[in-house]
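Student: Residue numbers (our numbering): 2 to 342. One structure, as structure tokens, below. Some questions next.
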């Protein structure tokens, strides 16, 4: 890819300098040829050895299995790529992410970063930000979904909001802990609709939230829908809307909040990254493999089978999502003292 860009740039330069001396044109052509050969050399030389990938979560969890699946399909799309996954969940994932950011930017140490990266600076946990990385691919970006009990007296967001207004502070909404992503989704929902609910923390995550709402210990949740799909399909639970830019493949009949006129987007993403400063040609090899992997039917089906809506955000597009969410969390944490709850 880099060679193609270089060749196009050189062609444009030569075309625009028709009045220049022949010696100048030849010099440009010679330099271009040199650049192309350099690019080809970098592309053909990478990789020369196994690539280490640091996952800042425990083995067997969603981030770990999603990362391993992406790497497997990347290896299938480019058989020169061999990966070795190392799990380091110390410090709530901070240690593993710092390790990745601090590694030599040679393409042989990659890592997964999660949405918590965008929150750490505002929680006083770490100064590390998305700017320390170059994104390769973001295979998942699970939206917050408004999920309620199947026999609840409301079937739409507006009906749920009306119920909350009629019963201020009494509707119990489960989340993953004060200041965690699904707690933030609930606060944004409250602000957008002018309602008040009771936040009930389940630091164990969505599996505990699912058990609580199915057991009628809470009334609703705003969380990743993947842990609730079987109950939604059975009718034990209902999904009223998702906080996403587009409808999800796993719940195609459920509207987004944006479709209902409310600009709410909260997503739990995981991104495969390289340390900042990694050679663009090395990134091109990795991004090309990731794009081919994520666009393959086998990879898409794998994620669908896990109840995860597959995405195909590559490189700069993934960088932009991390930057956008960073700005959102900066605003959210400046307005709410979550850690004081």
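Beta carbons are placed, not taken as given, at the ideal position from N, Cα and C, and that holds for glycine. All values reported here derive from a predicted model rather than from experimental measurement.
From this set, 93, 97 and 277, which residue's C-alpha is nearest residue 87's C-alpha?
Tutor: Walking along the chain shown from the start, residue 87 turns up at place 86. The candidate whose alpha carbon is nearest that of residue 87 is 97.
Student: If contact is defined by three or more beta carbon pairs under 8 Å, each pair taking one atom from either stretch, is the stretch 144–157 in contact with the stretch 284–294?
Tutor: no
Student: Under 7 Å Cβ to Cβ from residue 261, same chain only, skipping five residues before and after it: list those, please.
Tutor: Along the chain shown, one-based indexing puts residue 261 at 260. Excluding sequence neighbours, residue 261 sits near 158 and 242.
Student: Considering only DSSP beta bridges, list what residue 266 is partnered with.
Tutor: Position 265 of the chain shown, counted from the first residue, corresponds to residue 266. The secondary-structure analysis by DSSP pairs residue 266 with nothing; it has no beta-bridge partner.
Student: Taking the CB atoms as reference points, tell me whether residue 174 and residue 200 lie closer together than 8 Å.
Tutor: Within the chain shown, residue 174 is the residue found at index 173, counting from 1. Within the chain shown, residue 200 is the residue found at index 199, counting from 1. For residue 174 and residue 200, yes; Cβs fall inside 8 Å.
Student: In terms of DSSP beta bridges, what is residue 179 paired with?
Tutor: Counting from one through the chain shown, the residue named residue 179 turns up at place 178. Answer by DSSP bridge pairing: none, since residue 179 is not bridged.
Student: Spatial neighbours of residue 154 within its chain, please: CB distance less than 8 Å, with the 5 preceding and 5 following residues excluded, ordered by chain position.
Tutor: Working through the chain shown from its first residue, we reach residue 154 at position 153. Excluding sequence positions up to five before and after residue 154, its CB lies within less than 8 Å of the CB of 160 and 164, all in the same chain and listed in chain order.
Student: Would residue 138 and residue 314 be called neighbours here (beta carbons separated by less than 8 Å)?
Tutor: Numbered from its first residue, the chain shown carries residue 138 at position 137. Numbered from its first residue, the chain shown carries residue 314 at position 313. Yes. Within cutoff.
Student: Pull up the distance between the alpha-carbon of residue 57 and that of residue 133, whole angstroms please.
Tutor: Numbered from 1 along the chain shown, position 56 holds the residue referred to as residue 57. Numbered from 1 along the chain shown, position 132 holds the residue referred to as residue 133. The alpha-carbon atoms of residue 57 and residue 133 are separated by roughly 16 Å.
Student: Checking the sheet assignment: what are the DSSP bridge partners for residue 240?
Tutor: What you label residue 240 is simply residue 239 of the chain shown in a count that begins at 1. For residue 240, which the question treats as bridged, DSSP gives the partners 148.
Student: Go to residue 224, then tell me how far its beta strand (DSSP E) extends in each direction, as first and last residue.
Tutor: In the chain shown, counting from the first residue as 1, residue 224 sits at position 223. 221–224 is the span of the beta strand (DSSP E), which, as asked, contains residue 224.
Student: With contact counted as at least three CB pairs below 8 Å, one residue from each stretch, are the stretch 197–217 and the stretch 176–187 in contact?
Tutor: yes
Student: With H, G and I counted as helix, E and B as strand and the rest as coil, what does DSSP make of residue 333?
Tutor: Taking the chain shown and counting its residues from 1, the one referred to as residue 333 is at position 332. Reduced to three states, the DSSP call for residue 333 is helix.
Student: Nearest to residue 270 by CA position, among 258, 236, 253 and 321, is which residue?
Tutor: Walking along the chain shown from the start, residue 270 turns up at place 269. Nearest C-alpha to residue 270: 321.
Student: On the criterion of 16 or more Cβ atoms from any shown chain inside 10 Å, does residue 169 qualify as buried, or is it exposed?
Tutor: Within the chain shown, residue 169 is the residue found at index 168, counting from 1. Exposed, by the Cβ-count rule.
Student: Exposed or buried, which one is residue 326 when buried takes at least 16 other CB atoms within 10 Å?
Tutor: On the chain shown, position 325 is the one that residue 326 refers to. Counting Cβ neighbours within 10 Å, residue 326 comes out buried, since at least 16 surround it.
Student: Could you tell me whether the stretch 185–194 touches the stretch 276–285, using the rule of 3 or more Cβ pairs below 8 Å?
Tutor: Short answer: they don't touch.
Student: With a CB to CB cut of under 6 Å and the five nearest residues on each side skipped, what residues in its chain are close to residue 229?
Tutor: For the purposes of this step, residue 229 is identified with residue 228 of the chain shown, where counting begins at 1. Excluding sequence neighbours, residue 229 sits near 148, 211 and 238.
Student: Could you check what DSSP says for residue 307 in three-state terms: helix, strand or coil?
Tutor: Reading the chain shown from its first residue, position 306 is the one you call residue 307. Coil.
Student: Taking the DSSP output, what are the residues bridged to residue 134?
Tutor: Taking the first residue of the chain shown as position 1, residue 134 is located at position 133. Note: residue 134 sits in a beta bridge opposite 276.
Student: Can you have a look at residue 117 and say buried or exposed, based on whether 16 or more other CB atoms are within 10 angstroms of its CB?
Tutor: Along the chain shown, read from residue 1 onward, the residue named residue 117 stands at position 116. So residue 117 ends up on the buried side.
Student: May I have the straight-line CA-CA distance separating residue 332 from residue 128, to the nearest angstrom?
Tutor: As a position in the chain shown, residue 332 is number 331, starting the count at 1. As a position in the chain shown, residue 128 is number 127, starting the count at 1. Rounded to whole angstroms, residue 332 to residue 128 spans 17 Å at the Cα level.
Student: Go ahead and label residue 208 buried or exposed: buried means 16 or more other beta carbons lie within 10 angstroms of its beta carbon, across all protein chains shown.
Tutor: On the chain shown, position 207 is the one that residue 208 refers to. Exposed, because fewer than 16 other Cβ atoms sit within 10 Å of the Cβ of residue 208.
Student: When you compare each of 300, 48 and 328 to residue 1 by their alpha carbons, which one comes out closest?
Tutor: One cannot answer for residue 1 here, as it falls past the ends of the chain, which runs 2 to 342.
Student: Assign residue 61 to buried or exposed, taking buried as 16 or more other Cβ atoms, counted over all protein chains shown, within 10 Å of its Cβ.
Tutor: The residue given as residue 61 occupies position 60 in the chain shown. Counting Cβ neighbours within 10 Å, residue 61 comes out exposed, since fewer than 16 surround it.
Student: Need the endpoints of the alpha helix (DSSP H) that residue 53 sits in, please.
Tutor: Translated into the one-based positions of the chain shown, residue 53 becomes position 52. First-last for residue 53: 52–56, but that is the beta strand (DSSP E), not the alpha helix (DSSP H).
Student: Give a yes or no on whether the minimum CB-CB distance between residue 186 and chain B is below 8 Å.
Tutor: Structure shown: chain B not included; a single protein chain is present.
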